[in-house]
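Data block below; observations after.
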Amino acid sequence: MAIIDVPGPIADVLLDLPMVEEQEAAYDAGETIRRGRGYILRVDAPLEIHEAWLERCWVMAGGKGIESTPRERQAYRTYEQRIAEKRKEENG
4 MAIIDVPGPI ADVLLDLPMV EEQEAAYDAG ETIRRGRGYI LRVDAPLEIH EAWLERCWVM
64 AGGKGIESTP RERQAYRTYE QRIAEKRKEE NG
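Position one of the sequence shown corresponds to residue 4 (my numbering), numbered consecutively onward.
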């Protein structure tokens, strides 16, 4: 299990996507924490769930021919880095 802060823009997108039961339970159990003008969703879930969520939000990363806002791209990169750090901790 990994406690990772999911940026608000990612959490907003995930809310509109269908999820399997385990993902939905993890999302629903997350703790919403206000941060300035936005928020994070602190979720305690297996890294596989976090990685699946990141994969489903790939469009937020932008790229050639894909429109995304700077806020979305930053949220994607931040979440991606948080997952990578937890994976590195897990693997030693």
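Where a beta carbon is used, it is the ideal one built from N, C-alpha and C, also for glycine.
Cβ-based neighbour list, residue i, same chain, cut-off 8 Å, excluding 5 preceding and 5 following
i, result
"Arg80", "Ala64"
"Glu93", "Ala5 and Leu50"
Endpoints, beta strand (DSSP E) assigned at residue i
i, result
"Leu44", "Gly41 to Ala48"
"Ala5", "Ala5 to Pro10"
Residue i Cβ short of 7 Å to the ligand MN heavy atom set
i, result
"Ala14", "As far as ligands go, the structure on display features none, and thus does not contain the ligand MN."
Other residues of its chain near residue i: CB distance less than 7 Å, five sequence neighbours each side excluded
i, result
"Tyr82", "Val9, Pro10, Ile13 and Leu57"
"Ile36", "Tyr42, Ile43 and Arg45"
Span of the alpha helix (DSSP H) around residue i
i, result
"Thr81", "Pro73 to Asn94"
Sequence-distant residues of its chain with Cβ nearer than 6 Å to residue i (five each side left out)
i, result
"Asp47", "Met4 and Ile6"
Bridge partner(s) assigned by DSSP for residue i
i, result
"Glu34", "Arg45"
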